[in-house]
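Just below is one structure, and these are the notes that go with it.
Numbering (the numbering used here), first residue to last: 3 to 157.
Shown next as structure tokens:
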């Protein structure tokens, strides 16, 4: 319809009408592209909000679990020290949950695998990478330590 009108205006050399039709087309395309851009930005923000919520839950869960480990370790060490102070020779205190030597990183791995890190601020992405890398390193050290304890100390 619009193309037919433009052709008609060109054939009658009505340049004002051609110009108005052209402006209408350009403005329509611009508004359409802008609406699409707003929609993409809104979707990215929703995705980022879900990512941040997942990371918060992951870190809160880690803090809760690790503080429980810390309480258990303190109690175990206190029991060991009390027995040692009474003159007993208790076995060294070892705290271990089988299969839990390394911290879970499901959220971080999913974030990386899906390429969603681009939605995060670069500084935050760096800090998160460092945090999860440190946790991995600690898990590797604990695994080696526990293997050494089980082979060399406990027997």
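Quick reminder that beta carbons are idealized off the backbone N, C-alpha and C, glycines included. Treat the numbers as computed from the prediction; the structure is a model and nothing was measured.
Pair within 8 Å by beta-carbon distance, residue 121 and residue 53
In this structure, residue 53 lies closer than 8 Å to residue 121 by Cβ.
Quick one: grab the DSSP three-state call for residue 14.
coil
Does the separation of the CB atoms of residue 96 and residue 151 fall below 8 Å?
yes
Out of 55, 19, 115 and 98, which one is the CA nearest neighbour of residue 72?
98
Using alpha carbons as the reference points, say which of 118, 74 and 142 lies closest to residue 50.
118
Candidates 29, 23, 111 and 36: closest to residue 56 by CA position
111
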